[in-house]
Amino acid sequence: MFALIQAAGEVGDVIPPRQRLVAILVSILILLGVLELVRQRKLREEYSALWVLTALGLLVLALNYRILVWLTHLIGAALPTSTLFFGGLIFLMLLALQFSVRLSRLTYRSRSLTRRVALLEEELRELKRRIPDEEDMLEDDGRP
Amino acid sequence: MPSGTSPAKLDSELSTKPSRVLILIPAMNEEQSLPEVFEALVKQFPPKDILLVDDGSSDRTPEIAASYGCKVVSHIHNLGYGSTLLTGYHYALLHDYDYVVQVDGDGQHPPALIPRLLQPVIQGDCDVAIGSRYLEGKSPTGWLRRLGALPLSLVASLWIGSKITDPTSGFQALSKKAILELCTDGFPDDYPDIDVLIHLHRKDIRIREIPVVMKPRVHGQTMHGGWKALYYYYRMAVCLLLMPIRRNSPYRRQRPMDDHPLDKGSLRGLYS
Ligand SMILES: Nc1nc2c(ncn2[C@@H]2O[C@H](COP(=O)(O)OP(=O)(O)OP(=O)(O)O)[C@@H](O)[C@H]2O)c(=O)[nH]1
Ligand SMILES: [Mg+2]
Numbered sequence: 017m018f019a020l021i022q023a024a025g026e027v028g029d030v031i032p033p034r035q036r037l038v039a040i041l042v043s044i045l046i047l048l049g050v051l052e053l054v055r056q057r058k059l060r061e062e063y064s065a066l067w068v069l070t071a072l073g074l075l076v077l078a079l080n081y082r083i084l085v086w087l088t089h090l091i092g093a094a095l096p097t098s099t100l101f102f103g104g105l106i107f108l109m110l111l112a113l114q115f116s117v118r119l120s121r122l123t124y125r126s127r128s129l130t131r132r133v134a135l136l137e138e139e140l141r142e143l144k145r146r147i148p149d150e151e152d153m154l155e156d157d158g159r160p
Numbered sequence: 124m125p126s127g128t129s130p131a132k133l134d135s136e137l138s139t140k141p142s143r144v145l146i147l148i149p150a151m152n153e154e155q156s157l158p159e160v161f162e163a164l165v166k167q168f169p170p171k172d173i174l175l176v177d178d179g180s181s182d183r184t185p186e187i188a189a190s191y192g193c194k195v196v197s198h199i200h201n202l203g204y205g206s207t208l209l210t211g212y213h214y215a216l217l218h219d220y221d222y223v224v225q226v227d228g229d230g231q232h233p234p235a236l237i238p239r240l241l242q243p244v245i246q247g248d249c250d251v252a253i254g255s256r257y258l259e260g261k262s263p264t265g266w267l268r269r270l271g272a273l274p275l276s277l278v279a280s281l282w283i284g285s286k287i288t289d290p291t292s293g294f295q296a297l298s299k300k301a302i303l304e305l306c307t308d309g310f311p312d313d314y315p316d317i318d319v320l321i322h323l324h325r326k327d328i329r330i331r332e333i334p335v336v337m338k339p340r341v342h343g344q345t346m347h348g349g350w351k352a353l354y355y356y357y358r359m360a361v362c363l364l365l366m367p368i369r370r371n372s373p374y375r376r377q378r379p380m381d382d383h384p385l386d387k388g389s390l391r392g393l394y395s
């Protein structure tokens, strides 16, 4: 890997073809994998969006390498490769943040559910205590 | 105690039917301390007006309350002090109580002092009466604990504009007005602290401290220990800093409940 990066450095803005191929393959694999998970209903659509976006972004960058060079200059990175890594890092952070937000919501919901269940259980117990015994009712009904 | 109070009025208020005062006991694994608490409570209040909220205890906490004929609501897992209170507040609203008195299940709050807390609330002198163990320094408390609470009470006192010495005291009497306020806005459902007091104050809920004596903990475990205390301070800092700009904060225009993702699970649907 290190050798590859060095090689890229030597040729300046040119991405080595092998690296490019790897990037294309990886992004296609991610894309297919994510879609497959959605197909199997193991991943909800809402959570797939960030993944698909990133895979597409990676694909575009790998295919059209002028955009990558332009981006590299924009963020002031030395190598196009670092731009890819940097992008990956940002993506992971965004994903983690998204998870934290979802977790907070889930936490809130499970907690209020627990409270609600507790209250309902008490009410149910109270109601059961108040209605006459089931057997008594059956006895009443059974008499002609 | 405030002047011009007539014990006769208090007595008649307390004995009016249907009952208007709910005793709320938050408890988590307190089977050793509870019998003493209940013995004292059932002498003063009918058991049907005493509610134990069991916060996912693994011991016989709920059974003990039931054995005294008291009401029991059980969380299926541990949610923490704030949620335990919240469940009790919801219960109080559901059953149309006018006042709530919180008494910790660890036996530190003397039930004999309940009337002292209730009196100013029932008479309309305030909406929240907090039993403070520092107003008259007779309660044996650790100096570390006191030192830790000092910055909090300082901030609260300055913000609210009246002296708050024991903001984290769980020994409180509350009016329905205060309870409603606590139930409809994002009440901290983990560890309520001075942010709640500031919120209430901002919403024109009158808070007053009443001197009480608390006993040291004999059985069980404190919830303020170790690293949690650090987190506690962090949470307080974030809450207070964001208070003026936070969504649904009392310092901002209130959004209707439906708009707020946090409020979906709160009261709606329970009362209709
Ligand atoms: N420890 C603990 N107590 C809980 C929890 N939920 C509710 N409680 C109850 O909340 C009450 C107060 O807890 P304490 O740990 O005594 O808090 P404290 O009185 O402020 O602190 P101490 O002065 O150390 O006793 C007790 O009646 C507990 O049973 C929880 O998750 N953990
Ligand atoms: Mg205690």
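Just so you know, the protein sequences line up as chains X and L, in that order. Heads up, the first sequence is in the numbering used here, so the first residue is 17 and it goes up one at a time. Heads up, the second sequence is in the numbering used here, so the first residue is 124 and it goes up one at a time. Here a beta-carbon is modelled for each residue, glycine too, at the ideal position from N, C-alpha and C.
- Out of L/Tyr222, L/Val196 and L/Ala189, the CA that lies nearest to the CA of X/Leu136 is found in L/Val196.
- Rounded to the nearest whole angstrom, the CA to CA distance from L/Val224 to X/Lys144 is 28 Å.
- Residues are counted here when their Cβ sits less than 9 Å from a Cβ of chain L; for the region 51-77 of chain X the count is zero.
- Shortest Cα-Cα distance from L/His324 to any of L/Thr291, L/Gly254 and L/Ser280 involves L/Ser280.
- Relative to ligand 1, the beta carbon of L/Ala150 is positioned inside 8 Å of a heavy atom.
- The Cβ of L/His322 sits no closer than 9 Å to any Cβ of chain X.
- Taking non-hydrogen atoms of ligand 2 into account, the C-beta of L/Arg256 is found less than 8 Å away from none of them.
- Using a CB distance cut-off of 9 Å, L/Thr210 counts as an interface residue toward chain X.
- Membership of L/Ile148 in any alpha helix (DSSP H) is not indicated; the residue belongs instead to the beta strand (DSSP E) covering Val144 to Ala150.
- For X/Arg125, the shortest C-beta to heavy atom distance toward ligand 2 is 8 Å or greater.
- X/Leu135 reaches chain L at Val196, Thr210, His213, Tyr214, Leu217 and Leu393, counting residues in chain order whose Cβ is nearer than 8 Å.
- For ligand 2, residues qualifying as neighbours are L/Asp227, L/Asp229, L/Gln231 and L/Arg340, where qualification means a beta carbon closer than 6 Å to at least one of its heavy atoms (chain order).
- By the Cβ-count criterion, X/Trp86 is exposed, with fewer than 16 other Cβ atoms from all chains shown falling within 10 Å of its own Cβ.
- Under a criterion of Cβ atoms nearer than 8 Å, no residue of chain L is adjacent to X/Arg118; the nearest Cβ is some 11 Å distant.
- Under the Cβ criterion of 9 Å, X/Ser128 is counted among the residues facing chain L.
- For X/Arg141, the uninterrupted alpha helix (DSSP H) segment begins and ends at Pro96 to Arg146.
- Of the residues L/Gly230, L/Tyr354 and L/Pro238, the one whose Cα lies closest to the Cα of L/Gly271 is L/Tyr354.
- Cβ contact annotation for L/Leu320 (same chain, cutoff 7 Å, sequence separation greater than five): Ala279, Ile283, Ile287, Pro290 and Ile330, in chain order.
- The Cβ atoms of L/Asp313 and L/Met366 do not sit closer than 9 Å to each other.
- DSSP places L/Leu175 in the uninterrupted beta strand (DSSP E) bounded by Ile173 to Asp177.
- The three-state secondary structure of X/Gln35, taken from DSSP, is helix.
- Taking C-beta separations shorter than 8 Å and ignoring five residues to either side along the sequence, the partners of L/Leu275 in its chain run Pro290, Thr291, Asp316, Ile317 and Met359, following chain order.
- Using beta-carbon distances, X/Arg145 does not count as an interface residue toward chain L, since no partner is under 9 Å.
- Interface with chain L (9 Å Cβ-Cβ cutoff): X/Arg131 is included.
- The nearest non-hydrogen atom of ligand 1 is less than 8 Å from the C-beta of L/Gly343.
- For L/Leu202, the residues of chain X that pass the 8 Å Cβ criterion are Arg127, Thr130 and Arg131, in the order they occur in the chain.
- For the C-beta of L/Ser206, the chain X residues within less than 7 Å are, from N- to C-terminus, Arg127 and Arg131.
- Counting along the chain, the unbroken alpha helix (DSSP H) around X/Tyr81 starts and ends at Tyr81 to Ile91.
- L/Ser298 has its alpha-carbon roughly 14 Å from the corresponding atom of L/Glu332.
- Against L/Asp312, the close residues of chain X are Arg127, in the order they occur along the chain (beta-carbon pairs closer than 7 Å).
- Only buried fits L/Phe161, as 16 or more other CB atoms lie within 10 angstroms of its CB.
- When Cβ-Cβ separations below 9 Å define contact, X/Tyr124 makes contact with chain L.
- Close partners of L/Ile199 in chain X (Cβ separation under 9 Å): Thr130, Val133, Ala134 and Glu137.
- Taking CB atoms only, L/Val176 has a neighbour in chain X less than 9 Å away.
- Contact annotation, L/Lys194 with X/Glu138: C-beta distance approximately 7 Å; criterion of less than 8 Å satisfied.
- DSSP, reduced to helix, strand and coil, places L/Pro170 within a helical segment of the structure shown.
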